[in-house]
Amino acid sequence: IREVSASWAGGESFPHDPALQGKEDREFTPAAIGVKCARIHPTQLFILQSNIANIASPPSPSLLKSMFSSAEIEPEEQQLLFEWLIRSFAFPHLLNIEDCIRTIGDLGKLQYREDFIEGGKAFEDIIQFPIESSLPWILTTHTLNYLPSETDTLLAIFDLYSAAADTALRQLKSRYLFDEIENYAKLGMQQLLFILPNNIY
């Protein structure tokens, strides 16, 4: 674990550490650990997780104690190792935070639920649902009818059409779907401009 997880100054993993010699460290001296310029590699993280899981799991010899000696890892230390191990499974998402945020924020696929229901057909053969069944329009009418104080967020709801259009071009590579989403957005904006004055005045 020491060799894999740390970037030691001078390339040495503090060989004079009393703990490595089975001695109690009465005068603790912090080891010099260099700043990593490169992020941890997924393989390095996997090896670190595997090693910690091996030494902190119940079958590990490090947890065994006898009549004349105590366990190398105390229950409190075992708990700390397990807590770190659980948190470490989020590290890959943190290392790719941009892609993670982009994936979480992309709600464009919700627009295609009716298309995916009829996945056996070609996109051109799918009969599109009316705009009243479109997710952005459902959210828009709900906001107008039940959340009038949130009216200023309506344009943010319409950004779903933009995400859906981006999905059509970049992932599904379908000009037909892009045109359908564009028509949805135009029709939705027209209906919004027609309904909004009635709610305001």
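Residue numbers for the sequence shown follow the working numbering, so the first one is 54 and each next one is one higher. Beta carbons are placed, not taken as given, at the ideal position from N, Cα and C, and that holds for glycine.
Between residue i and residue j, what straight-line distance do the alpha-carbon atoms span, to the nearest angstrom?
{"i": "E235", "j": "A218", "result": "7 Å"}
{"i": "E171", "j": "Y199", "result": "At E171 the pLDDT is 48, less than 50, meaning the model places this residue with poor confidence and gives no usable figure here."}
{"i": "W137", "j": "I154", "result": "23 Å"}
{"i": "M242", "j": "E130", "result": "59 Å"}
{"i": "I150", "j": "N251", "result": "43 Å"}
{"i": "L225", "j": "E233", "result": "13 Å"}
{"i": "P111", "j": "H94", "result": "28 Å"}
{"i": "L222", "j": "D212", "result": "16 Å"}
{"i": "F142", "j": "L245", "result": "44 Å"}
{"i": "T96", "j": "D152", "result": "19 Å"}
{"i": "S202", "j": "I248", "result": "16 Å"}
{"i": "K239", "j": "T156", "result": "26 Å"}
{"i": "Q102", "j": "P128", "result": "19 Å"}
{"i": "L133", "j": "L208", "result": "46 Å"}
Below 8 Å on the Cβ atoms is my contact criterion, and I expect residue i with residue j to pass it. Report the Cβ-Cβ distance as a whole number of Å.
{"i": "F135", "j": "A109", "result": "6 Å"}
{"i": "L197", "j": "T206", "result": "Not really, about 11 Å apart at Cβ, beyond 8 Å."}
{"i": "I105", "j": "I54", "result": "7 Å"}
{"i": "K210", "j": "T193", "result": "In the sequence under discussion, the amino acid at residue 210 is Ile, which differs from the Lys named in the question. About 6 Å; that satisfies the 8 Å criterion."}
{"i": "L148", "j": "R228", "result": "Actually they do not touch by this definition, with Cβ atoms about 35 Å apart."}
Kindly list the residues whose CB is nearer than 7 Å to the CB of residue i, restricted to its own chain and excluding five residues on each side of it in sequence; keep chain order.
{"i": "A216", "result": "D159, L160, G161"}
{"i": "I237", "result": "Contrary to the premise, residue 237 reads as Tyr rather than Ile in this sequence. Answer for Y237: I184, S187, Y214, listed in chain order."}
{"i": "I139", "result": "none"}
Once the 5 residues before and after residue i are set aside, which same chain residues still bring their CB inside 8 Å of it?
{"i": "I100", "result": "V57"}
{"i": "L40", "result": "Since the first residue shown for the chain is 54 and the last is 254, residue 40 is missing from the structure and cannot be characterised."}
Skipping 5 residues on each side, what residues in its chain have a beta carbon closer than 6 Å to that of residue i?
{"i": "W190", "result": "I184, G241"}
{"i": "H146", "result": "C153"}
Could you check whether the Cβ of residue i sits closer than 7 Å to any heavy atom belonging to the ligand NAD?
{"i": "A109", "result": "The model on display carries no ligand, and the ligand NAD is accordingly not part of it."}
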